[in-house]
Amino acid sequence: DVEKYKGGLRISFAAGQKAFEYIKELEVTMRLLKEELNTSMDEMPYRVRRLKEERLEEHLRAENHQKEMVNFMANSYDEDIIVEKLNYDEEMIKALGKEIMALDKMAVFYTDERKVYLFTGKKHHAKKVLDEAKAGLDFRGGAGAHFGQGIFEKNEDLLTFISNLYGVFLKL
69 DVEKYKGGLR
79 ISFAAGQKAF
89 EYIKELEVTM
99 RLLKEELNTS
109 MDEMPYRVRR
119 LKEERLEEHL
129 RAENHQKEMV
139 NFMANSYDED
149 IIVEKLNYDE
159 EMIKALGKEI
169 MALDKMAVFY
179 TDERKVYLFT
189 GKKHHAKKVL
199 DEAKAGLDFR
209 GGAGAHFGQG
219 IFEKNEDLLT
229 FISNLYGVFL
239 KL
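If you're matching positions, the sequence shown starts at 69 in the numbering used here and goes up one per residue.
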């Protein structure tokens, strides 16, 4: 093995019985890879490269499907203010929130884990909305001009927050 170390190179090697054992381990690994990939030793680097390319293509397809789904979901809301419980991952929730803001709407999404995501876009200042709705509640998080997020310690606080939000939105 060769590794960079303190501005130079550190070289390590095995000799004798250790070298023999290492080569045997490599042979077993290569044989297993050859069988698993259903290819010859000569073709293995090309097969691995193709698998990496296929994985990248799948990732890009998945991203495109997610964008289409987010766009469809955002456009399916008729209301200007959306308050909804979602069971998606954070990336999906944030993508949906961005799309909703692009439609000049506001959204508050919350999860089973008591996480809250507030998207106000340019309509209202997210920090002011969040501060008013969470006043007196056990909440960790924060907000800026267009987006806020955080988590409630207790489910009761989340439910009170949602109730308070409706009051805040009625004043807007």
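Glycine residues also receive a C-beta, built at the ideal position from the N, C-alpha and C atoms.
Helix, strand or coil for Y234? Go by DSSP, reduced to three states.
Against the sequence shown, residue 234 aligns to sequence position 166. Taken through DSSP and simplified to helix, strand or coil, Y234 comes out as helix.
Sorted by chain position, which residues of the same chain lie with C-beta nearer than 7 Å to N223's C-beta, five sequence neighbours on each side aside?
Numbered from its first residue, the sequence shown carries residue 223 at position 155. So the qualifying residues of the chain are R182.
Outcome for H214 when other beta-carbon atoms lying within 10 angstroms are tallied against a minimum of 16
Reading the sequence shown from its first residue, position 146 is the one you call residue 214. H214 sits buried, since 16 or more C-beta atoms from the chains shown fall within 10 Å of its C-beta.
Return helix, strand or coil for R208, following the three-state DSSP convention.
Here residue 208 refers to the residue found at position 140 of the sequence shown. Strand.
So the alpha helix (DSSP H) R129 belongs to, where does it begin and stop?
Sequence index remark: in the sequence shown, residue 129 carries index 61 (1-based). Counting along the chain, the alpha helix (DSSP H) containing R129 begins and ends at M112 to S144.
Can you give the Cα-Cα distance for M169 and L233, rounded to whole angstroms?
Start at 1 with the first residue of the sequence shown, and residue 169 comes out as number 101. Start at 1 with the first residue of the sequence shown, and residue 233 comes out as number 165. In a straight line, the C-alpha of M169 is about 18 Å away from that of L233.
What residue range does the beta strand (DSSP E) around L77 cover?
Along the sequence shown, one-based indexing puts residue 77 at 9. First-last of the beta strand (DSSP E) with L77: G76 to I79.
Measure the C-alpha to C-alpha separation of L186 and E131 and round it to an integer number of angstroms.
Your numbering for residue 186 matches position 118 in the sequence shown. Your numbering for residue 131 matches position 63 in the sequence shown. Going from the Cα of L186 to the Cα of E131 covers about 23 Å.
Beta-carbon proximity of A83 to Y90, cut-off 7 Å:
Counting from 1 along the sequence shown, the entry for residue 83 is found at position 15. Counting from 1 along the sequence shown, the entry for residue 90 is found at position 22. Cβ distance not < 7 Å, so A83 and Y90 don't count as in contact.
For A175, the three-state DSSP class (helix, strand or coil):
Reading the sequence shown from its first residue, position 107 is the one you call residue 175. Three-state result, A175: strand.
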